[in-house]
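The letter at position 31 of the sequence shown is residue 31 when you use full-length UniProt numbering, and the numbering goes up by one with no holes. One structure is given here, and the rest of the page talks about it.
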Amino acid sequence: MTTCQREYLDATSGRALLGRFVPTCSADGSYAPMQCHGSTGFCWCVTKDGQEIAETKIRGHPKCKAVQLH
1 MTTCQREYLD ATSGRALLGR FVPTCSADGS YAPMQCHGST GFCWCVTKDG
51 QEIAETKIRG HPKCKAVQLH
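Here it is as C-alpha cells:
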C-alpha cells in the first residue's frame with residue numbers, strides 16, 4: 001500500500017471529520033497531480049510523492065500538467 005492510499009484510508013475510515021483533507025490517488029497509488037480540499041474549494045498541484053508545488057494553490061483548478069513539465 002502506498003503513502004497516498006494509506007492517507008486516503010486514514011481520512012475516510014472510522015469517524016469522518018468535517019473539513020478533513022482527503023487525498024486523491026492515481027491508479028498506480030501515487031498522488032494525483034491535482035489535489036483539492038473539498039470544504040475550502042482550494043486546489044493545488046503536487047508531485048507524485050504528494051509534495052505541494054509552490055505557488056499553485058488557487059480556488060478552482062490549477063493547470064498542473066503545465067507546472068509538472070517545467
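For every residue, glycine included, the Cβ atom is placed at its ideal position computed from N, Cα and C. Predicted, not measured: the structure shown is a model, and the values here were computed from it.
Residue i, buried or exposed, once every other Cβ within 10 Å from all chains shown has been counted against 16
i: glutamine 51; result: exposed
Residues that DSSP places opposite residue i in a beta bridge
i: methionine 1; result: None, per the DSSP bridge assignment.
i: tyrosine 31; result: Cys25
Residue i, enclosing beta strand (DSSP E) - first and last residue
i: histidine 37; result: 34 to 37
i: phenylalanine 42; result: 42 to 45
Simplified DSSP state of residue i, which is helix, strand or coil
i: methionine 55; result: According to the sequence provided, residue 55 is glutamate. The question's methionine does not apply to it. Looking at glutamate 55 - three-state DSSP - the assignment turns out to be coil, as it is neither helix nor strand.
i: lysine 48; result: coil
i: arginine 9; result: Here the sequence assigns leucine to residue 9, which means arginine is not the residue at that position. Helix, per DSSP.
i: lysine 65; result: helix
Minimum C-alpha distance to residue i - residue among the options
i: alanine 54; options: Ala11, Met34 and Gly38; result: Met34
i: residue 82; options: Ile58, Thr56 and Tyr8; result: Given that the chain is displayed from residue 1 to residue 70, the structure contains no residue 82 and the question cannot be resolved.
i: cysteine 43; options: Phe21, Gln5 and Thr12; result: Phe21
i: histidine 37; options: Asp28, His61 and Thr2; result: His61
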